[in-house]
Amino acid sequence: MIKNLAPLPDGTVTVSGWVDTVRDQKKVQFVVLRDESGAVQLVNPATREAEDGDAAGQERLALTETISGLAHGSFVTVTGELKHDERVKLGGIEVKIGSLEVVGEALPETPIAADSSLDKRMDWRFLDLRTPKQNLIFRIQTTFEHALREYWIDNDFIEIHTPKLMASASESRAELFEVEYFDTTAYLAQSPQFFKQMAQPAGFGKVFEIGPAFRADPSFTSRHATEFTSVDAEISWIDSHEDVMRLHEELMVAGISAVKAKHGEAIAELFGIELEVPTTPFPRIPLAEAKQIVAARGYEIPRADEDMDPEGERQIAAHVKETLGHDFVFITDYASSIRPFYHRRHDGDATLTNSYDLIYNGVEISTGAQREHRIDVLVEQAKEKGIDPEELGFYLDFFRYGVPSHGGFGMGLARVLMLMLHETSIREVTYLFRGPTRLAP
Ligand code: AMO
1 MIKNLAPLPD GTVTVSGWVD TVRDQKKVQF VVLRDESGAV QLVNPATREA EDGDAAGQER
61 LALTETISGL AHGSFVTVTG ELKHDERVKL GGIEVKIGSL EVVGEALPET PIAADSSLDK
121 RMDWRFLDLR TPKQNLIFRI QTTFEHALRE YWIDNDFIEI HTPKLMASAS ESRAELFEVE
181 YFDTTAYLAQ SPQFFKQMAQ PAGFGKVFEI GPAFRADPSF TSRHATEFTS VDAEISWIDS
241 HEDVMRLHEE LMVAGISAVK AKHGEAIAEL FGIELEVPTT PFPRIPLAEA KQIVAARGYE
301 IPRADEDMDP EGERQIAAHV KETLGHDFVF ITDYASSIRP FYHRRHDGDA TLTNSYDLIY
361 NGVEISTGAQ REHRIDVLVE QAKEKGIDPE ELGFYLDFFR YGVPSHGGFG MGLARVLMLM
421 LHETSIREVT YLFRGPTRLA P
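The sequence shown runs 1 to 441 under the UniProt record's numbering.
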């Protein structure tokens with residue numbers, strides 16, 4: 001049943017939507033009208049000729065001609081009589097057209113079809129999004145974000161909005177976008193890392209942000225964008241990254257439960273997926289052990305890659321699914337050599353960090369860690385990574401005036417959606433994708 005169908009006081013109905021198909025037969029015309037919720041069949045007994053003086057006949061003739069000329073994708077508003085007819089496939093109803101207004105006419109040729117390339121579909125994103133399946137993706141995103149916010153608000157978090165123009169890098173300097181900023185240079189924020197940490201010495205305790213992040217990453221993989229929505233949280237008074245993981249898994253359960261409750265049936269119907277709400281605790285595997293498990297499955301992570309590579313992530317996820325039946329796994333205790341300077345290292349073993357990556361259905365969706373809050377250690381770690389402490393300026397001051405122990409995580413929203421819906425690219429689940437060769441629309 002189409003959502004935009006409403007009764008009028010005189011007993012007729014009005015319905016608006018996009019023309020999907022027109023079947024123009026000699027004696028009768030059928031139009032299928034769609035909106036994001038579904039479709040309805042319209043019917044018009046065709047009038048092919050009328051006498052000059054016959055005003056009503058002329059009107060019916062004009063209506064018939066308008067319907068004959070309707071292009072696929074035109075937006076129309078119709079009033080008419082609602083009829084129930086079991087034989088009509090679309091919900092057993094039909095609207096007999098009384099009047100039809102073309103609100104937004106479409107050009108006769110539609111530029112994309114169901115089999116168009118992803119790139120072509122991105123060129124015509126507004127048309128590409130005009131299907132119930134695409135529409136559902138963004139309803140799911142809305143529900144997911146809402147559930148996270150609800151969790152945070154119920155648990156006493158403060159929402160922050162941090163600046164996206166920065167004076168320096170907050171993550172790897174290799175992926176920085178430079179922006180002319182009056183007589184100096186600014187950089188687009190790669191993450192809210194420094195500013196969400198600032199909330200800890202500021203006494204906010206627990207904070208979150210859902211906002212844009214920018215990475216000048218020239219890669220064309222299915223999981224990278226140059227601009228993405230980052231879901232971030234940071235909390236004080238933690239003992240280790242374990243506290244952050246506990247928060248993280250509770251959030252995922254809250255988000256996925258809400259999506260399942262509201263959209264589970266539609267997801268099954270349109271994506272063919274039975275969405276699973278994960279159980280807690282999520283499995284946790286230290287990186288070194290994960291590498292051994294992956295090797296035992298016959299995949300050697302390239303030596304140059306100390307981190308998990310994408311195939312390694314797929315393999316460890318497959319192992320967890322096979323042995324524990326879980327879609328999520330925390331890979332923990334990353335080597336300090338491959339983690340940022342601000343990650344806290346193990347007490348007694350500085351080669352390892354109190355950090356994790358969260359993997360969902362075989363792909364990393366998040367990085368989290370306990371932060372190093374001891375200023376002398378932090379300065380040493382920065383120097384070790386080749387970062388001049390001078391460059392960190394204000395950031396280091398946070399740690400000079402009474403900072404609690406703290407930690408948090410950052411998570412790519414599009415990655416979560418892509419993996420939840422078994423999509424093959426974040427382009428499919430990003431409203432308007434930004435990549436190395438995509439700046440418009
Ligand atoms: P990291 O750099 O691992 O960590 O990023 C966190 C998560 O953000 C998403 N992400 C991306 N998504 C799409 N396109 C990209 N180019 C891209 N880069 C990252 C991923 C990734 O897991 N400040 C830390 C987090 C923290 O410790 O709080 C950070 O940004 O899902």
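We put the beta carbon where it would ideally sit given N, CA and C, even for glycine.
Small disclaimer: the values here were computed from a predicted structure and weren't measured.
Beta-bridge partners of residue i, as assigned by DSSP
i: residue 406; result: 236
i: residue 40; result: 33
i: residue 213; result: 228
i: residue 99; result: 79
i: residue 159; result: 208
i: residue 181; result: 184
i: residue 84; result: 93
i: residue 462; result: Outside the shown range of the chain (1 to 441) lies residue 462, about which nothing can therefore be said.
i: residue 28; result: 45
i: residue 166; result: 187
i: residue 435; result: 438
For residue i, three-class secondary structure by DSSP
i: residue 135; result: helix
i: residue 115; result: coil
i: residue 104; result: strand
i: residue 465; result: Because the chain in this structure spans residues 1 to 441, residue 465 falls outside the shown range and cannot be described.
i: residue 283; result: coil
i: residue 7; result: strand
i: residue 338; result: helix
i: residue 299; result: coil
i: residue 505; result: Because the chain spans 1 through 441 in this model, residue 505 falls outside it and cannot be assessed.
i: residue 94; result: strand
i: residue 352; result: strand
i: residue 73; result: coil
i: residue 176; result: coil
i: residue 278; result: coil
i: residue 387; result: coil
i: residue 154; result: helix
i: residue 140; result: helix
i: residue 428; result: helix
i: residue 223; result: coil
i: residue 203; result: coil
i: residue 1; result: coil
Residue i: first and last residue of the uninterrupted beta strand (DSSP E) it sits in
i: residue 330; result: 328-332
i: residue 370; result: 363-370
i: residue 421; result: Segment: none, residue 421 is in no beta strand (DSSP E) and carries neither H nor E.
i: residue 400; result: Looking at the DSSP string, residue 400 is not in any beta strand (DSSP E), and its letter there is neither H nor E.
i: residue 188; result: 184-188
i: residue 359; result: 355-360
i: residue 23; result: 13-24
Check: residue i C-beta below 7 Å from any heavy atom of ligand 1
i: residue 414; result: yes
i: residue 406; result: no
i: residue 296; result: no
i: residue 411; result: yes
i: residue 225; result: yes
i: residue 215; result: yes
i: residue 171; result: yes
i: residue 140; result: no
i: residue 485; result: Since the first residue shown for the chain is 1 and the last is 441, residue 485 is missing from the structure and cannot be characterised.
i: residue 424; result: no
i: residue 382; result: no
i: residue 193; result: yes
i: residue 368; result: yes
i: residue 365; result: yes
i: residue 228; result: yes
i: residue 333; result: no
i: residue 232; result: yes
Opening and closing residue of the alpha helix (DSSP H) in which residue i lies
i: residue 68; result: 55-68
i: residue 291; result: 287-296
i: residue 257; result: 241-271
i: residue 317; result: 310-324
i: residue 380; result: 375-384
i: residue 457; result: Examination of residue 457 is not possible in this model, given that the chain is present from 1 through 441 alone.
i: residue 196; result: 193-198
i: residue 127; result: 125-128
CB contact below 8 Å: residue i versus chain B
i: residue 409; result: Protein chain content of the structure displayed is limited to a single chain, and chain B is not contained in it.
At least three beta-carbon pairs within less than 8 Å, the stretch 359-375 to the stretch 170-181:
no
Does the stretch 415-435 touch the stretch 222-235, meaning 3 or more C-beta pairs lie closer than 8 Å?
yes
Segment contact, 8 Å Cβ cut-off, at least three pairs: the stretch 378-395 with the stretch 180-190:
no
Check whether the stretch 160-171 and the stretch 352-369 touch, using three or more Cβ-Cβ pairs below 8 Å as the test.
no
The stretch 295-302 in contact with the stretch 343-353 per 3-pair CB rule at 8 Å:
no
Within the chosen definition, does the stretch 122-142 reach the stretch 200-216 through at least 3 CB pairs nearer than 8 Å?
no
Contact between the stretch 103-118 and the stretch 86-94 (3+ Cβ pairs under 8 Å):
no
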